[in-house]
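Peer 1: For the sequence shown, the working numbering gives the first residue as 277, with consecutive numbering after it.
Every residue, glycine too, gets a C-beta built ideally from N, C-alpha and C.
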Amino acid sequence: MHLLKVSLTVSILGIFSLLLISEYSEIPLQNIKDLTIEQLETKVKVSGELISIKETSGLYLLKLKQSNSLIPIVIFKESSLDLKKKSQLEITGTLTEYNNEFEILADTIKYIN
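1. Return helix, strand or coil for Glu-390, following the three-state DSSP convention.
2. Going by the DSSP bridge assignment, what does Glu-354 pair with across the sheet?
3. Once DSSP output is grouped into helix, strand and coil, what is the label at Glu-302?
4. Report the rounded CA-to-CA distance for Thr-312 versus Met-277, giving the unit in angstroms.
5. In chain order, what residues of the same chain have a beta carbon less than 6 Å from the beta carbon of Lys-360, not counting five sequence neighbours either side?
6. For Leu-335, which residues does DSSP report across the bridge?
7. Under the assumption that Val-282 contacts Gln-306 (Cβ atoms under 8 Å), give the Cβ distance between them as a whole number of angstroms.
8. Is it right to say Glu-379 is buried, meaning 16 or more other beta carbons lie within 10 angstroms of its own, or is it exposed?
9. My output table needs one value for Ser-283: the three-state DSSP class, helix, strand or coil.
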């Protein structure tokens with residue numbers, strides 16, 4: 277009975293520790309040109325200038341420019357967004373591949389100065 281209590285306590289502490297680590301772990305900011313195929317389906321964070329915005333019935337399709345690199349950003353519509361060209365943005369999302377090119381499915385968008 278004592279061993280059961282100890283193992284249950286250790287298990288709960290381990291799960292709690294994993295939740296804390298995942299909540300507070302920071303995704304590092306990367307250069308668009310440094311994104312690799314090994315990062316597909318993982319969370320990435322990039323920043324750059326918003327150079328185009330296209331709105332469809334279910335998506336926003338953005339192009340983000342950083343130096344000489346471009347990457348498409350896909351945002352599923354949940355509400356309207358007030359985005360302006362030439363804004364500096366920080367995008368966090370999942371790196372995916374579409375038509376043999378990288379794109380990011382955005383989770384969060386932040387304006388930066």
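Peer 2: Here's the rundown:
1. The requested residue 390 is not part of the displayed model; the chain covers only 277 to 389.
2. Per DSSP, none; premise fails for Glu-354.
3. coil
4. 51 Å
5. none
6. Phe-352
7. Contact doesn't hold; Cβ gap of about 43 Å is too wide.
8. buried
9. helix
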